[in-house]
Amino acid sequence: MSAKVLLVAVWGVLTPVLAQVPSSAAPKPSVATPATLSPTAKEGIRLAQRDCPSDGFDKARCARAIALLEEAANENPNQQDVQLALAQAYWNTSFRESPQGRSRGDLRQRSLDIYQRQVELGSKDARPYWELSLRQKDEAQRLPLLRRTVELNPVHPQANRELARTELSVGEVDAAVRSYQKHLEVSPYRDSSDALAHLDFAKQLEGAGRPKDAAQVTERVSTLMQGERRATRCEVWRSADPKLYAQKAELSKKVKELLPYCTETASLEQAAELERQGRVDEAIVAAKRQLEENPKPEATHVMLERLYQSKGEPAQAAQVATQTLEQEPDAKEKCERFRELAPTTVRAMPQDQVEALRRDCHQP
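Here's what the structure looks like:
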């Protein structure tokens, strides 16, 4: 799609959105940037990066950054880094203006004008297309912007995911599956929030009548989470729709074995509430009852250790820790639990056990 066609498709319906989008006054470029920037431009970008993001925004200093960027843009309107930093600074500043004031709308429109002008000029940088997509409410109009974003920057950490979601929302299911597979390929796994997002998309695929594709995404989640703590994996699978893994025998077996580590926890929840109320002895009774009902949740053992420590009974805390570690079949979980023990608990444990754990867990 040419830049002119893209402009016609998008500009007629483009309006500022009220929800704030992720902000960074001068995002890192998606492609190589001009080698030469004027001192004014460099200083404006530096200040914008420091003082204009929503987190740490300083109105006076951001205004100084905007003044410098405007000066640099007037001197040379072809410096794309300057234009994009200025657009983001306008956008972020708009949220500091009164919702009823004219300046808020004016600043947003200036920001949108810059992004749209870059698109109209056929920019070879993914950023203006991405930024416009964030501010576009109509899914069909977001589609060409997101496609151009990933065309220019195939490894964009968010655009492939957003493209897949948008394609799915407009009924382009095959394209959505391909885009999400690309997202899984190019975006490094960070933490369990990624796993939850992947499972959410898998559920959407299931709802769109693509159970096989949903199962593939679900299996990928299982692989990605292998490095997570057991309790974290358990919580993720507890939140998942069982239909996503029901037809995969091996995965279904793993999930069923894992779920007891974060389910059947009524007494543990009661113990937590009693602890919050300062009723330590009653909390200990409830936590022990949880061990009888289902001893697998790690939180129960952690709580008991903490409760005994709060009573000034490190020997009892050490007894809980010793039993927990002796019964733990997973070497990684055992070492993680050992590292989290309170120093007073460790000092009260049998020294031969402590030395063995330090050796096995490579802990000084």
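With mature numbering (1 follows the signal peptide of the UniProt record, and there is no 0) applied, the sequence shown covers -19 to -1, 1 to 345. Each residue gets a CB set at the ideal place from its N, CA and C atoms; glycine is no exception. The structure presented is a predicted model; accordingly, all values stated were derived computationally and were not measured.
Selected residue, minimal CA-CA separation from residue i, among the options
| i | options | result |
| --- | --- | --- |
| Met330 | Gly152, Ala189, Glu294 | Glu294 |
| residue 371 | Arg31, Arg27, Ser19 | No answer is possible for residue 371: it lies beyond the span of the chain, which begins at -19 and ends at 345. |
| Leu239 | Gly259, Glu250, Met206 | Met206 |
| Gln97 | Arg116, Gln81, Arg83 | Arg116 |
| Thr244 | Lys118, Leu288, Glu101, Thr213 | Thr213 |
| Glu120 | Arg128, Thr147, Gln297, Leu127 | Thr147 |
| Leu149 | Asp172, Ala299, Glu24, Gly188 | Gly188 |
| Ile47 | Ala70, Pro34, Asn57 | Ala70 |
| Arg45 | Asp36, Glu24, Ser35 | Glu24 |
| Glu307 | Pro324, Arg128, Leu127, Asp333 | Asp333 |
| Glu166 | Pro135, Arg257, Glu153 | Pro135 |
| Ser173 | Pro324, Val154, Gly208 | Gly208 |
| Glu153 | Arg257, Leu133, Ser168, Gly190 | Gly190 |
| Thr326 | Gln258, Gln297, Lys118 | Gln297 |
| Cys215 | Lys237, Asp155, Ala227 | Lys237 |
| Ala68 | Gln81, Gln258, Gln90 | Gln90 |
| Leu28 | Cys43, Asp36, Thr17 | Cys43 |
| Lys269 | Leu133, Ala253, Asp155, Lys235 | Ala253 |
Cβ separation of residue i and residue j, assumed to be a contact under 8 Å, to the nearest whole Å
| i | j | result |
| --- | --- | --- |
| Ser92 | Arg85 | Ser92 to Arg85, Cβ: 11 Å. No contact. |
| Leu285 | Val261 | About 11 Å; that fails the 8 Å criterion. |
| residue 386 | Ala157 | It is not possible to answer for residue 386, since the shown part of the chain is limited to -19 through 345. |
| Thr204 | Leu225 | Incorrect: roughly 14 Å between the Cβ atoms, too far for contact. |
| Ser291 | Gln271 | That belief does not hold up - the Cβ atoms of Ser291 and Gln271 are roughly 18 Å apart, past 8 Å. |
| residue 416 | Ser114 | As displayed, the chain neither begins before -19 nor continues past 345, which places residue 416 out of reach and without an answer. |
| Leu124 | Val151 | 7 Å |
| Arg129 | Tyr110 | 4 Å |
Cβ shell of residue i (< 7 Å), same chain only, five flanking positions each side left out
| i | result |
| --- | --- |
| Ala221 | Leu180 |
| Val131 | His137, Ala140, Asn141, Leu144 |
| Ala176 | Val202, Leu205, Met206, Val217 |
| His282 | Val301, Thr305 |
| Gln64 | Ala54, Ile95, Gln99 |
| Leu255 | Glu263, Ala264, Ala267 |
| Pro241 | Asn275, Lys277 |
| Asn59 | none |
| residue 348 | The first residue shown for the chain is -19 and the last is 345, placing residue 348 beyond what the model contains. |
| Leu127 | Ser114, Ala140, Glu143, Leu144, Thr147 |
| Ala227 | Ser233 |
Same chain, Cβ closer than 6 Å to residue i, five either side skipped, listed in chain order
| i | result |
| --- | --- |
| Thr21 | Leu49, Glu52, Ala53 |
| Cys316 | Cys342 |
| Arg339 | none |
| Lys311 | Here residue 311 turns out to be Asp, not Lys, going by the sequence shown. There are no such residues. |
| Leu288 | Val261, Ala264, Ile265 |
| Thr246 | Pro278 |
| Leu88 | Tyr71, Thr74, Ser75 |
| Tyr170 | Leu205 |
| Ala183 | Ala195, Val198, Thr199, Leu225 |
| Pro15 | Low confidence applies here, because Pro15 scores a pLDDT of 49, under 50, leaving its location unreliable; read the following figure in that light. Cβ neighbours of Pro15 beyond the five flanking positions: none. |
| Ser168 | Pro138 |
| Asp36 | none |
Where residue i falls, given that 16 or more other Cβ within 10 Å makes a residue buried
| i | result |
| --- | --- |
| His343 | exposed |
| Val335 | buried |
| Ala337 | exposed |
| Arg318 | buried |
| Lys40 | exposed |
| Lys277 | buried |
| Pro3 | Only weak support is given to the placement of Pro3: the predicted model assigns it a pLDDT of 41, under 50, and the value that follows is read from those uncertain coordinates. Pro3 is exposed by the Cβ-count criterion. |
| Gln122 | buried |
| Pro34 | buried |
| Glu250 | exposed |
| Glu112 | buried |
| Asp32 | buried |
| Val12 | With a pLDDT of 41 at Val12, under the threshold of 50, the modelled position of this residue cannot be trusted, and the question is left open. |
| Arg328 | exposed |
| Lys9 | Note on Lys9: pLDDT 42, under 50, position unreliable in the model; the coordinate value appears next. The residue in question, Lys9, is exposed, as its Cβ has fewer than 16 Cβ neighbours within 10 Å. |
Close beta carbons around residue i, own chain, < 8 Å, minus the five adjacent residues each side
| i | result |
| --- | --- |
| Glu314 | Arg210, Arg211, Glu279 |
| Lys229 | Ala196, Thr199, Glu200 |
| Glu321 | Val283 |
| Arg77 | Phe38, Lys40 |
| Pro345 | Arg339 |
| Arg219 | Leu240, Cys243, Thr244 |
| Leu(-2) | For Leu(-2), the pLDDT reaches just 33, beneath the cut-off of 50, and the residue's location in the model is therefore unreliable, although a value from the coordinates is still provided. No residues qualify anywhere along the chain. |
| Gly259 | none |
Closer than 8 Å is the cut-off here; do at least three beta carbon pairs connect the region 150 to 169 with the region 182 to 194? yes
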